[in-house]
Each structure stands twice: as structure tokens, then as C-alpha cells.
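Student:
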Amino acid sequence: MAVSAAWLVFSLLFLGHGAVLQLEASHHVFRNLESSSSPSEHQPYRTSYHFQPPKNWINGPMIYRGIYHLFYQYNPQGAIWGHIVWAHSTSTDLVNWTPHEPAIYPSQKSDINGCWSGSATILPWGTPVIFYTGINPQNQQVQNLAMPKNLSDPYLRVWVKSPENPLMAPTPSNQINASSFRDPTTAWLGSDGTWRMLVGSKRDRKGFAILYRSKDLIRWEKAQNPIHSAERTGMWECPDFFPVLIGTKLGVDTSVTGPDVKHVLKVSLDDTKHEYYTIGTYSVDKDIYIPDKGQVDSDSGLRYDYGKFYASKTFFDSAQNRRILWGWINESSSVEDDIKKGWSGIQAIPRTLWLDKSGKQLVQWPIREIERLREKQVQFSRQQVLKGGLAREVSGVTAAQADVEISFGINKLDKAEVLNPSWTNPQLLCSKKGASVKGSLGPFGLRVLASKGLEEYTAVFYRIFKAKDKYVVLMCSDQSRSSLNNDNDKTTYGAFVNVDPVREKLSLRTLIDHSVVESFGGEGKACITARVYPTLAIDDKSHLYLFNNGTEDADVVVSFGVSELEKAEVLDPSLTNPPMLCSRKGASVKGSLGPFGLIVFASKGLIEHTAVFYRVFKARDKYAVLMCSDQSRSSLNENNDKTTYGAFVDVDPVREKLSLRSLIDHSTVESFGGEGKACITARVYPTLAIHDKAHLYVFNNGTENVKITRFSAWSMKKAQIN
């Protein structure tokens, strides 16, 4: 049996009342991968605490009787799309996994050409059922139902399909696009005793979520109008529709409605491979959803993650009263390199998700279970000043496999660079002002997966700008120097972080896992995930640095405190797109208040690095915090995508510290800004900053000092997955 590369796609199934399983598979076919040879034993880019099978595609989990189940799509004959079975692993903690025999495979006319995406619902009497998309002999996409054969088996090892399949199918009368009709959501039960469900679709360039109703879960009726739609958005994949409580971090069952609830509609746009969500009101009487602000396709729209993060799905964890988000991190390496590795794509660390106190965005943070893998903690015993233009190596942690939390404090905000009103795209701003571009307040943050001579590193950092009436914080993940392998994508990512550096420190958390850097800015208000493949900063040759490439000093705990906010750059009112702004003002572009943050997957000479960082800008009546994940220098491999991601983080630096948490896992960087208000996931492939050659830095590339009021980093143990 050939072991070869393919796309791996995840989502989630949690069997609690109203819970959901989303199974999303790649629709790409690489015939040339079918006969690939087995990968080599030494795989420096393979992650240690992110879930991935030995090879091929993967999908989503659930929980039943206290056991989490991960079903993933798998082709036992090779890593090509077709005749997919659902492989199966279980866990009690969402971190360590045990494999089982495959659970579901094509066996009916309604799924003979493939079992694609699906969702699960717990019926009122406790029985779990799964709805999934099947491909019939005519290659039409139809919706099917499956149920566990033995409910007394907590491992749910055998599933049976309904003889009524397919339950929903394209017909001439319903005018459904037979090639764009997939990914059913969980069903929710209304007070009228009717079940409802959404299915993603499109007509021409108009994307929408079809609404279905049923009394018995077998006979479904298509509503006259979709629950929501948007022009020029293309196919809506993996739709997700769920309630969030106002004023609390607690999760709520999918069927809950009421005055204390807002609803979230998330879609994965097939055309751009970006995900957008809106927060709004679900009219139960009219069965329509009305966003509070904006549309899913807007450049200024809300995103879970501004890096490599797609096909996501949430579920309600009724055991712990939380809503958890899963997402797929795809590759930045070339197809040829994927063939050599023998796999492609991993699952992001599960994130707890809740509504920010402002009610305007969601906040994300890695599940607390991941902290069980922490060991060899390194802490700074007192507040330290990270002077402008300097870097400090963080010793004592496994730099290629770590969890780093740091908080920066900025004193001289008045020295922040003025934000050009045209800098609306944080990704472009991060690309333009990368980790090596000196500023005033930034760039400062971390250099991760860094080689000893800094030939390779990934920089995660902040910059602070002064806008018309506020400061704007830019967070970047800069992969431009992440690898010497020029075949890698080294896109720099960026996000504006909604944090006010006058009142808050700039926090940054970065999870580093060999080829993954997940960064969380502003306590989760902005997240950037990067995939990097260093060639030097591998395993024990990987280093971690704090850095400040600004002209002003920054204090080091990767919570950042910014005091002299008046020095922030003025934010140009036209700069409304955080990724573009991050691309333009990357980690190397000096500012005043930023960029500052983390440089992950950094080679010793910083030839490769990914930067996850903040910038603070002064806007008209407030400060704007931009969070960026700059992958522009993440790898020397020019074939990699090195997009810079960015997000504005809803944090007030006047009153709050700018927090940043990053999960770093070999080629993935998941970053959470503003305590989870902005999240950016990046996939990077350094060629130098691999394993022990990867370094981690806190940096400040701004001209102003940044106080690091809190810094914690942990080496991460390898999770049991296979």
C-alpha cells in the first residue's frame, strides 16, 4: 500500500444535545500521488501535539458517553480523492488519540462515489444521528442519514445507514445546483417541534445556506428562501450556525434562542479559501438571519483566523458548557515536497470560543486540555525592558515544540508611527512592514523556529500606529524568512487587533509545533496560523527569541503594556483591511508602537522566521490595535505560500494589556490576540529553523519601549495520536 501525500481536512462532532459533526474533505485530486513511495522515517515537519494521521485526509470529532470520537476521511488504496472511508480515533481529552477500525464507507447508491461532509445531532432521547453528503452514481451531491448500530458501545464502532437515503437531493423542481449542494449543519429543534438544518450551496456567483425543515428527520422540506445569502461570494462550504450567550464565556446548546442570545453564521468561501463570520439576530418566526453589521465577503469582515485556517466547525461541549472551534490547517509546501513527506494538512488546536463583551466579535483561546502537555516552564521573574533594536534568546524550552505566552507594555505611545489612512489591509501592511523593517513602536514580538544564525525564522510581532483619534495595533506573522527552501509559500499574514494600548498590555500567545505556528493576539481577539518548513531550525537546532526591532524599548511577559500611546502612528482612515496593512507594515518595518510580539520558527541568523506581532495606531477617537502573522520570511523555499495575515483586535491599550498566545507545532502557528478576540493561524515550512535549529524570540521593532509584563513559555510533550 502506497503511503503518499494528500490534503487533510478537519472539523468537529460533539454528541451533546444539539451538537454537531462537520466532516469536510478536499475536492482536489492529485493522480500523481497515487504511487508515491513511503516517506522517510525522519520527518522534522511532522507535528507532535496537533492531530494528524500517518497519511491522507482527515475530518471531525464528537463526544459520546465521555469519549471524544474523531472520524477522518481516508483512502486505504492511496492518497487520492475517491472511495473514501471514515477512519476513526477516540480520546478522553481531545489531545491524546487511539485509532480504531474505519466506521463508515461508501455502500449505497446515494454515496457510492464518496461520503463527504456531515453533521451530527443528538435526539431528545439520547440517540446520535449523522447527516452527511454523499455522491451518487450521477456524481450529484445528496444528503444522507446514518445511525450507530449499538448504543451501548461507547466507542460507536459500527454505523448503519437509513434505507430512506437520500433524504435531500437536487431535482428539476427545486432547482438546486447538483454539484454545489453539501455540508449539512447540525439540526436544531424549534419550540414548534420542527427540526431545521442548513446546507451550503450557490447559484451562479451567489452563495447561500439552504434551509430545510422536518418533523421526523426523515422527510425534509426545502424552505422557499435561504436563511441567508450574499452576492458574488461563490460556494458556501462548511456553513456553521450557532447561538452565543451575551455577557459570558459559557457555551450554549445549538437549539437555544432568546433575548440573551446572539447567533453566528460562519461560511467557508470556496473561491478564496477564506472563512468569514457575522454576528446577528435569528428571527425564529420568519426563519431568517440578519447580521448586525457587514457581510461574509467583505475585506473588513470578521474572520476566525487570518492565516491558514479553513473548513472550521464549532460544537457545544455540554459536559463543560463551552463551545469549541476546530479548523483545518493546510500546507505551505509544494506538492512535490508533500509527496516526500507522505502527508498534507493537519488539525488546528481546538479553541474555546465565546462572544466578546463588546458583542461585536468572537474571542478564541486554545482549550485548557492542551496545557497538560506543558513541561520545562521558563519564566521571567521580573518585568524586563526589551530595548529597541535588540533581541533576547529564550533558553530552556524546546523551541520547536513550545507554548509561549508573553505580554508587552508600551510607555511612549506618542512615538507611534502615523497610520496612513490607505493602510486598510493588515496583511499587506504586515508584508510591507515585516519583522526586519524597523519602526518606532514595533516590530516587537517573537522569532520562532529560528536557526542559530537567524538565516531562518518566523516572526510573530506587533506594531503600534497612531490613527486620527486612537492607536491601532497591528499583529503580524512574518514567514518571509521562515525557510531557505524557496519552494515554500512564505506569505506574511496580518490582523488589526482591537486592543487599546493606552489601557491594556499587548498579549501574545504562540503555539509552536515543528512546522506550525498558531498565534493569538490580544487575548484571542486576533489569531494567525502559519505553516513553515525551515531547513536549519529543526528539532534541537531551533531557537526562540524575544525581539524588538523598533527604535523604542519594549518591556518583556508576553502580555504587552503600551504606555506612551500618544506616540502611536496615526491610522489612515482608508486602511480598513488588516491583512493588507500587515503586509505593508510587516515585522521588519519599524514603527513607533510596534511591530512587537514573537518571532517563531526562527533560524539563528533570522534568515527564516515567522513573526506574530502587534502594532498600535492612533485613530480618530481611539487607538487601533493591529495583530499580524507575517510569514514573508518563514522559509527560504520560494514555492511556499508566505501570505501575511492580519486582524484588528478589539482591545483598548489605554486600559488593557495586549496579550498574545501562540501555539507552535513544527509547521503550524496558531496565535490568539486580545485574550482570544482575534486569532490567526499560519502554516510555515522553514528550511533552516527546524527542530533544535528553530529559535523563539520576543521582539520589538518599534521606536518606543514596550513593557513585557508577563512571559511564559512551555516545551510541549508529544501527544499520543497514532
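Those letters in the sequence shown? Residues -18 to -1, 1 to 704, per mature numbering (1 follows the signal peptide of the UniProt record, and there is no 0), in order. Here a beta-carbon is modelled for each residue, glycine too, at the ideal position from N, C-alpha and C. None of the values given here were measured: they were computed from a predicted structure.
1. Have a look at the DSSP bridge pairing and note the partners of Val140.
2. Does the Cβ of Ala301 have 16 or more other Cβ atoms within 10 Å, making it buried, or fewer, making it exposed?
3. Taking all protein chains shown into account, decide if Asn132 is buried (16 or more other Cβ within 10 angstroms of its Cβ) or exposed.
4. Which of helix, strand or coil does DSSP assign to Glu146?
5. Could you check what DSSP says for Ser237 in three-state terms: helix, strand or coil?
6. Determine, using beta carbons only, whether Tyr194 and Tyr475 come nearer to each other than 8 Å.
7. Mind checking Ile40: buried by the 16 CB within 10 Å criterion, or exposed?
8. So what does DSSP say about Leu171, is it helix, strand or coil?
9. Do Pro403 and Ser556 count as a contact pair if the criterion is CB distance below 8 Å?
10. Can Cys412 and Cys661 be called in contact, C-beta distance under 8 Å?
11. Given 8 Å as the limit, is there contact between the segment 350 to 358 and the segment 599 to 618, that is, 3 or more CB pairs closer than that?
12. Buried or exposed: which applies to Val266, given that a residue is buried once 16 or more other Cβ atoms fall within 10 Å of its Cβ?
13. For Phe223, which option in Asn682, Met150, Lys295, Thr115 has the closest C-alpha, if you only look at C-alpha atoms?
14. Less than 8 Å separating the beta-carbons of Ser433 and His525?
15. Just to confirm the assignment, what range does the beta strand (DSSP E) spanning Lys358 have?
16. Would you report the Cα separation of Leu(-7) and Lys369, rounded to the nearest angstrom?
17. Classify Thr109 as buried or exposed, calling it buried when 16 or more other Cβ atoms lie within 10 Å of its own Cβ.
18. Quick check on Thr685: buried or exposed, where buried means 16 or more other Cβ atoms within 10 Å of its Cβ?
19. Grouping DSSP H, G and I as helix and E and B as strand, with all else coil, what is residue 746?
20. Inspect the beta-carbon positions of Val498 and Ser614 and report whether they are closer than 8 Å.
21. Hey, Pro425 and Ala593 are a contact pair by Cβ (cut 8 Å); roughly how many whole angstroms apart?
22. CA-CA distance, Glu357 and Gly96?
23. Can you tell me the Cα-Cα spacing of Pro635 and Arg185, whole angstroms?
24. Assign Gln383 to one of three DSSP states: helix, strand, or coil.
25. In its own chain, which residues sit with a C-beta less than 6 Å from the C-beta of Val238, not counting the 5 before and 5 after it?
26. Which residue's Cα is closest to the Cα of Tyr87: Thr80, Thr103, Ile117?
27. Terminal residues of the continuous beta strand (DSSP E) containing Pro348?
28. Could you please give the first and the last residue of the uninterrupted alpha helix (DSSP H) stretch that includes Leu411?
29. Can you tell me the Cα-Cα spacing of Leu355 and Lys699, whole angstroms?
30. Let me check understanding here. Comparing Cα to Cα, which of Asn480, Glu486, Glu219 lies closest to Ser161?
31. So is Pro119 buried or exposed if we call it buried at 16+ other beta carbons inside 10 Å?
32. When the Cα atoms are used, what is the spatial distance from Ser155 to Arg178?
33. Entirely within the segment 261 to 342 and at least 3 residues each: give me those beta strand (DSSP E) ranges in chain order.
34. Would the beta-carbon of Ser459 fall within 8 Å of that of Tyr627?
35. Per DSSP, what kind of secondary structure is Ile494 in: helix, strand or coil?
36. Check the Cβ-Cβ distances between Val455 and every residue of chain C, and say whether any is below 8 Å.
Tutor: Considering the structure as presented:
1. Translated into the one-based positions of the sequence shown, residue 140 becomes position 158. DSSP, once it has assigned bridges, lists no residue as partnering Val140.
2. What you label residue 301 is simply residue 319 of the sequence shown in a count that begins at 1. Exposed, since its Cβ has fewer than 16 Cβ neighbours within 10 Å.
3. The residue labelled residue 132 in the question sits at position 150 within the sequence shown. The residue in question, Asn132, is exposed, as its Cβ has fewer than 16 Cβ neighbours within 10 Å.
4. The residue given as residue 146 occupies position 164 in the sequence shown. Here Glu146 sits in coil by DSSP.
5. Locating residue 237 in the sequence shown gives position 255, counting from the first residue. It is coil, neither helix nor strand.
6. Within the sequence shown, residue 194 is the residue found at index 212, counting from 1. Within the sequence shown, residue 475 is the residue found at index 493, counting from 1. No; because the gap between Cβ atoms is not below 8 Å, this pair is not in contact.
7. Indexing the sequence shown from 1 puts residue 40 at position 58. Here Ile40 scores only 40 on pLDDT, less than 50, and its place in the model should not be relied on; the value that follows carries that caveat. Buried: at least 16 other Cβ atoms inside 10 Å.
8. Along the sequence shown, read from residue 1 onward, the residue named residue 171 stands at position 189. Strand at Leu171.
9. Position 574 of the sequence shown, counted from the start, is the residue given in the question as residue 556. Position 421 of the sequence shown, counted from the start, is the residue given in the question as residue 403. Result yes, Cβ atoms of Ser556 and Pro403 sit closer than 8 Å.
10. Translated into the one-based positions of the sequence shown, residue 412 becomes position 430. Translated into the one-based positions of the sequence shown, residue 661 becomes position 679. No. Outside cutoff.
11. no
12. For the purposes of this step, residue 266 is identified with residue 284 of the sequence shown, where counting begins at 1. So Val266 counts as exposed.
13. For the purposes of this step, residue 223 is taken as residue 241 along the sequence shown, with counting starting at 1. When each option's Cα is compared against that of Phe223, the closest is Lys295.
14. Working through the sequence shown from its first residue, we reach residue 433 at position 451. Working through the sequence shown from its first residue, we reach residue 525 at position 543. It is a contact, given that the beta carbons lie within the stated cut-off.
15. Numbered from 1 along the sequence shown, position 376 holds the residue referred to as residue 358. From DSSP, the beta strand (DSSP E) with Lys358 extends over 356 to 361.
16. Taking the sequence shown and counting its residues from 1, the one referred to as residue -7 is at position 12. Taking the sequence shown and counting its residues from 1, the one referred to as residue 369 is at position 387. Confidence at Leu(-7) is low in this model, with a pLDDT of 28, below 50, so its placement is unreliable and the value that follows should be read with caution. Spanning the alpha carbons of Leu(-7) and Lys369 requires a straight line of approximately 44 Å.
17. By one-based count along the sequence shown, residue 109 stands at place 127. Exposed.
18. Here residue 685 refers to the residue found at position 703 when the sequence shown is read from its first residue. Burial call: buried.
19. The question about residue 746 has no answer here: the residues shown for the chain are numbered -18 through 704.
20. On the sequence shown, residue 498 is found 516 positions in, with the first residue counted as 1. On the sequence shown, residue 614 is found 632 positions in, with the first residue counted as 1. Cβ distance not < 8 Å, so Val498 and Ser614 don't count as in contact.
21. Counted from its first residue, the sequence shown places residue 425 at position 443. Counted from its first residue, the sequence shown places residue 593 at position 611. Contact between Pro425 and Ala593 is confirmed by a C-beta separation of about 6 Å, below the 8 Å threshold.
22. Taking the sequence shown and counting its residues from 1, the one referred to as residue 357 is at position 375. Taking the sequence shown and counting its residues from 1, the one referred to as residue 96 is at position 114. Going from the Cα of Glu357 to the Cα of Gly96 covers about 43 Å.
23. Mapped onto the sequence shown, residue 635 falls at position 653. Mapped onto the sequence shown, residue 185 falls at position 203. The alpha-carbon atoms of Pro635 and Arg185 are separated by roughly 44 Å.
24. Here the question's residue 383 lines up with position 401 in the sequence shown. In the structure shown, Gln383 sits in a strand (DSSP, three-state: E or B).
25. Residue numbering aside, residue 238 sits at position 256 when the sequence shown is read from its first letter. Contacts found: Pro225.
26. For the purposes of this step, residue 87 is taken as residue 105 along the sequence shown, with counting starting at 1. Selected option, being the one with the closest Cα: Ile117.
27. Taking the first residue of the sequence shown as position 1, residue 348 is located at position 366. 344 to 348 is the extent of the beta strand (DSSP E) around Pro348.
28. As a position in the sequence shown, residue 411 is number 429, starting the count at 1. Unbroken alpha helix (DSSP H) run through Leu411: 408 to 414.
29. Along the sequence shown, read from residue 1 onward, the residue named residue 355 stands at position 373. Along the sequence shown, read from residue 1 onward, the residue named residue 699 stands at position 717. Rounded to the nearest angstrom, the gap between the Cα atoms of Leu355 and Lys699 is 5 Å.
30. As a working note, residue 161 is residue 179 in the sequence shown. Put simply, of Asn480, Glu486, Glu219 the residue whose alpha carbon is nearest the alpha carbon of Ser161 is Glu219.
31. What you label residue 119 is simply residue 137 of the sequence shown in a count that begins at 1. That one is exposed.
32. For this step, residue 155 is matched to residue 173 along the sequence shown. For this step, residue 178 is matched to residue 196 along the sequence shown. About 21 Å.
33. For the segment 261 to 342, whole beta strand (DSSP E) runs of length 3 or above, ordered along the chain, are 270 to 273, 292 to 299, 304 to 311, 333 to 337.
34. Residue numbering aside, residue 459 sits at position 477 when the sequence shown is read from its first letter. Residue numbering aside, residue 627 sits at position 645 when the sequence shown is read from its first letter. For Ser459 and Tyr627, yes; Cβs fall inside 8 Å.
35. By one-based count along the sequence shown, residue 494 stands at place 512. Strand.
36. Looking for chain C here will not work: only one protein chain is present.
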